[in-house]
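In what follows, a structure is listed as structure tokens, so that the remarks can point back to it.
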Amino acid sequence: MNIRDIDHITITVSDVARSERFYHEVFDMPILEDTEHPGVMAGKQRIYFVLSDNQPKFHADKPTTGAIDLCVIAKDPMESIVNHLKSYFVPILEGPSKKEAAHGEVTSIIIQDPDKNLIEVANY
Numbered sequence: 001m002n003i004r005d006i007d008h009i010t011i012t013v014s015d016v017a018r019s020e021r022f023y024h025e026v027f028d029m030p031i032l033e034d035t036e037h038p039g040v041m042a043g044k045q046r047i048y049f050v051l052s053d054n055q056p057k058f059h060a061d062k063p064t065t066g067a068i069d070l071c072v073i074a075k076d077p078m079e080s081i082v083n084h085l086k087s088y089f090v091p092i093l094e095g096p097s098k099k100e101a102a103h104g105e106v107t108s109i110i111i112q113d114p115d116k117n118l119i120e121v122a123n124y
């Protein structure tokens with residue numbers, strides 16, 4: 001089997017509209033329109049948002065909020081990313097710092113979404 005990419009991930013959230021708003025406003029991810037599942041586009045991948053008590057037929061064994069650790073790649077310079085997050089009052093938990101990632105060294109910061117999922121924002 002040769003996996004080429006990831007199509008989507010599903011994040012269990014406490015408030016779908018709040019999550020859509022956060023990911024759309026903070027990360028400029030377009031909100032999915034005319035789809036079966038609410039969510040946003042992250043590049044070519046979809047991020048779906050579901051409530052813990054409204055899961056699809058097939059779902060993770062223990063769907064819960066705050067369980068995701070995700071890294072997104074930004075094209076902007078890190079200084080712009082930090083200033084942008086500050087303008088939305090998003091606390092930076094760590095960074096900027098340099099580390100090794102899937103495609104080499106990145107500079108990244110770590111934040112949380114409204115459900116306390118960890119999000120690393122990195123640029124190469």
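full-length UniProt numbering applies: residue 1 is where the sequence shown begins, and numbers increase by one. Don't be surprised by glycine CBs; every beta carbon is placed ideally from N, CA and C.
Mapping DSSP to helix, strand and coil, what is residue i?
i: A17; result: helix
i: N2; result: coil
i: Y124; result: coil
So, using beta-carbon positions, are residue i and residue j closer together than 8 Å?
i: I73; j: A17; result: no
Pull up the distance between the alpha-carbon of residue i and that of residue j, whole angstroms please.
i: V40; j: D5; result: 17 Å
i: A60; j: Y124; result: 32 Å
i: C71; j: V82; result: 15 Å
i: Y88; j: I119; result: 15 Å
i: Y48; j: I68; result: 13 Å
i: V106; j: V26; result: 20 Å
i: H24; j: K44; result: 15 Å
i: D34; j: Q55; result: 19 Å
i: A42; j: E79; result: 21 Å
i: S19; j: N2; result: 32 Å
Please work out which residues of its chain come closer than 8 Å, Cβ to Cβ, to residue i, disregarding the five sequence neighbours upstream and downstream, and give them in chain order.
i: K116; result: T65, G66
i: G104; result: Y124
i: A101; result: C71, S108, A122, Y124
So, at 6 Å on beta carbons, what are the nonlocal neighbours of residue i in its own chain, with the 5 sequence-adjacent residues on each side left out?
i: R46; result: H8, G39
i: S14; result: T65, D115
i: I109; result: I92, G95, P96, V121
Using a Cβ-Cβ cut-off of 7 Å (strictly less than) and excluding sequence neighbours within five positions of residue i, which residues of its own chain qualify?
i: F22; result: D113, P114
Original post:
Mind pulling the alpha helix (DSSP H) runs of 4 or more residues that sit fully within the UniProt domain "VOC" (5-124)?
Top reply: Taking only runs of at least 4 residues, the alpha helix (DSSP H) segments lying wholly in the UniProt domain "VOC" (5-124) are 16-27, 78-87.
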